[in-house]
Amino acid sequence: MTTPPAAGPDSETGVASAPAAAEPAGARTRRGARWVGSMTDRVPTGWITGILTVPFLAVAAAFGGLNAVAAPPIPDLSAGKTHVNGPFSLAISRAVLIDEFPEAGITVEEGQRVLAVVVTAENVWDRAMPTVLSSPDAALRGSLRIPSLGDGAVPVAIARFDDATKEPHLQPGVPADLVVTWAVDADALAAGDEVEIDIRDLSLSEGVLITYGEEWGTPMTAAHVHVDVTDVGAGADAEETSG
Amino acid sequence: MMPATPPVKSLPPWAVWVIGVALLGAAWGVVQLTPSDDAIQAPFVVAASVGEKATARAFDVTVTDPRLGDTAFDQKGWYGDGTWLVVDIEAESRQVEQGALLGNIVFVSDGVTYTASERPSSALPLSLRTGIPQTGSVAFELPEGVAQRPGVIQISLDIETRLDSLVEVPIDLAELTRHDDVEMRATGWTP
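Chains as they are written, first to last, in our numbering: chain A, 22 to 264; chain B, 388 to 578.
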């Protein structure tokens with residue numbers, strides 16, 4: 022034994038040290054640290070994350086972090102209100118029922134009429150985009166739906182209002198008035214009815230492996246637009262387009 | 388008897404650090420010199436000025452007479468209001484006519500790409516003939532603000548330009564006179 026008698030209390034921890042009388046304050050601090058060390062040594066390591074998680078959750082709960090999050094509400098827009106998303110700025114101005122509208126690129130069967138919706142669309146992306154692509158969920162055609170019409174509710178045709186160009190491209194920063202048409206059963210809608218048109222936001226994906234380039238797709242409904250329907254009958258007076 | 392082993396010379400510590408830093412610098416340089424994935428597939432740019440014939444892989448093309456106007460009109464009664472850039476192009480295929488369909492004419496300004504408008508009857512798409520040049524017009528519908536900016540007309544057979552020729556003709560729109568009406572010529576054999 023090399024421990025001098027003056028260090029008797031320290032000898033309980035089995036560590037030799039300088040005489041306590043030489044530096045009493047430092048010895049007391051070291052003894053405290055040793056106590057913390059010997060206590061934490063007995064805590065299983067696996068508990069430590071649990072011990073840290075509990076106060077974290079408690080603090081998060083105190084600030085409301087564990088409350089259920091309400092899904093963001095889908096806004097209801099009225100006619101003429103502009104909705105802007107990644108590729109487009111869209112404003113639906115009016116909806117008309119018309120017997121036939123071949124100028125807009127749609128032909129209907131017996132017992133059907135045309136629901137024509139006038140949309141002011143602007144391409145806010147950095148390159149020209151077609152309004153119609155092969156996929157019904159892409160381009161402007163993928164952004165507009167009327168769920169109450171059923172049958173996928175995909176627009177049948179899109180044409181320019183001013184010169185009746187079918188399936189036109191939208192040039193960046195150049196707004197265009199478009200006529201988007203659906204075929205509806207003759208008794209499905211009447212003048213004065215309100216029709217709800219969904220605007221769907223598209224997200225940009227980049228092609229990898231066997232595909233290349235960027236593409237807007239994966240539509241998610243982002244706004245409901247409520248528009249009153251007017252009936253123009255045969256339509257020769259009001260809705261003809263001409264270049 | 389064992390052969391005499393040559394004495395092992397170890398580098399001084401400063402030399403180890405110098406060589407290490409030099410190797411790091413060389414690795415950085417290699418990374419900088421390596422082309423990106425896009426560069427590996429980049430189109431071969433054929434630069435030309437207005438009025439100069441550009442020779443691409445499969446076709447020759449000349450862009451002439453750029454003009455800006457508030458209204459563009461074609462030879463079939465169509466007209467459109469807005470801001471229009473109209474240029475004439477003269478083009479012919481070089482070797483074969485099969486597949487020589489000039490289908491991609493765009494105007495790029497500030498990183499934004501405008502395609503030649505499909506609204507008027509224009510030279511797009513143009514089925515090229517070998518040795519017999521054809522002339523026509525294309526029109527670009529632009530936002531008002533772009534009419535003061537420089538840009539580049541890009542021409543290729545297909546919108547898929549990777550690893551093919553891409554003709555680039557710079558045009559500064561600010562230098563062009565703004566007209567009320569700009570006329571598009573009918574597409575036909577070069578007179």
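We put the beta carbon where it would ideally sit given N, CA and C, even for glycine.
Because the structure is a prediction, the values reported are computed rather than measured.
Pull up the distance between the alpha-carbon of S99(A) and that of T421(B), whole angstroms please. S99(A) and T421(B): Cα-Cα distance of roughly 54 Å.
Out of I476(B), F527(B), G498(B) and V539(B), state which residue places its alpha-carbon closest to the alpha-carbon of L515(B). Nearest option by C-alpha distance: I476(B).
With distance defined between alpha-carbon atoms, name the residue in V139(A), G163(A) and V138(A) nearest to M150(A). Residue G163(A) is the option with its Cα nearest to M150(A).
Can you tell me where the beta strand (DSSP E) holding D219(A) begins and where it ends? Run containing D219(A): E215 to E227, per the beta strand (DSSP E) assignment.
In the DSSP assignment, find the unbroken alpha helix (DSSP H) run with F122(A) in it and report its ends. Secondary structure note for F122(A): it is in no alpha helix (DSSP H), with a DSSP letter that is neither H nor E.
Short of 7 Å in beta carbon distance, which residues of its chain neighbour V177(A), apart from the five on each side in sequence? Order them along the chain. These residues qualify, in order along the chain: I127, T202, W203 and A204.
Identity of the residue in L225(A), W56(A) and T242(A) nearest P94(A) by Cα: Nearest neighbour of P94(A) by Cα position, chosen from L225(A), W56(A) and T242(A), turns out to be T242(A).
So that I know if they touch, is there some Cβ in chain A lying closer than 8 Å to that of E505(B)? Judged by the 8 Å Cβ criterion, E505(B) is in contact with chain A.
Under the three-state DSSP convention, the category S462(B) falls into: Note that residue 462(B) corresponds to Gln in the displayed sequence, not to Ser. Coil.
Of all the options E217(A), R134(A) and P65(A), which has the alpha carbon lying nearest to the alpha carbon of A255(A)? Of the residues E217(A), R134(A) and P65(A), the one whose Cα lies closest to the Cα of A255(A) is R134(A).
List the residues of chain A whose Cβ lies closer than 8 Å to the Cβ of V499(B), in chain order. Correct list: D147, R148, P193 and G194.
Which residue wins for smallest C-alpha separation from H190(A), given the options F527(B), D468(B), T548(B) and G532(B)? Nearest C-alpha to H190(A): F527(B).
Checking 8 Å against the spacing of the C-beta atoms, do L226(A) and G213(A) come in under that value? According to the sequence as given, residue 226(A) is Ser; it is not Leu. Against a cut-off of 8 Å, the Cβ pair of G213(A) and S226(A) comes out as no contact.
Taking its Cβ as the centre, do 16 or more other Cβ atoms sit within 10 Å of L87(A), making it buried, or is it exposed? So L87(A) counts as exposed.
Could you give the distance in angstroms between the alpha-carbon of R572(B) and the alpha-carbon of D461(B)? Cα to Cα, the separation comes out at about 7 Å.
Could you give the C-beta distance for P530(B) and G107(A), rounded to a whole number, given that I count them as a contact under 8 Å? No, P530(B) and G107(A) are not in contact; Cβ-Cβ is about 19 Å, not under 8 Å.
Please tell me whether D198(A) has its Cβ less than 8 Å away from any Cβ of chain B. No - not a single Cβ of chain B is within 8 Å of the one on D198(A).
Taking Cβ positions only, does P430(B) come closer than 8 Å to chain A? Residue contact check for P430(B) against chain A: no CB pair falls below 8 Å.
Taking P189(A) as the query, report the chain B residues whose CB atoms sit under 9 Å from its CB, ordered along the chain. Those are S504, E505 and R506, listed as they occur along chain B.
Taking E570(B) as the query, report the chain A residues whose CB atoms sit under 8 Å from its CB, ordered along the chain. At a C-beta separation below 8 Å, E570(B) has no neighbours in chain A, since its nearest C-beta there lies roughly 16 Å away.
Which of the three DSSP states, helix, strand or coil, is assigned to M150(A)? Residue state, collapsed to three classes: strand.
Starting from S496(B), trace the beta strand (DSSP E) in both directions and tell me its first and last residue. Here the beta strand (DSSP E) through S496(B) covers N491 to S496.
If you run the structure through DSSP and keep just helix, strand and coil, what is R166(A)? Strand at R166(A).
Under the criterion of a Cβ to heavy atom distance below 7 Å, does P157(A) qualify as lining the ligand FMN? Absent from the structure shown: the ligand FMN. Ligands present: none.
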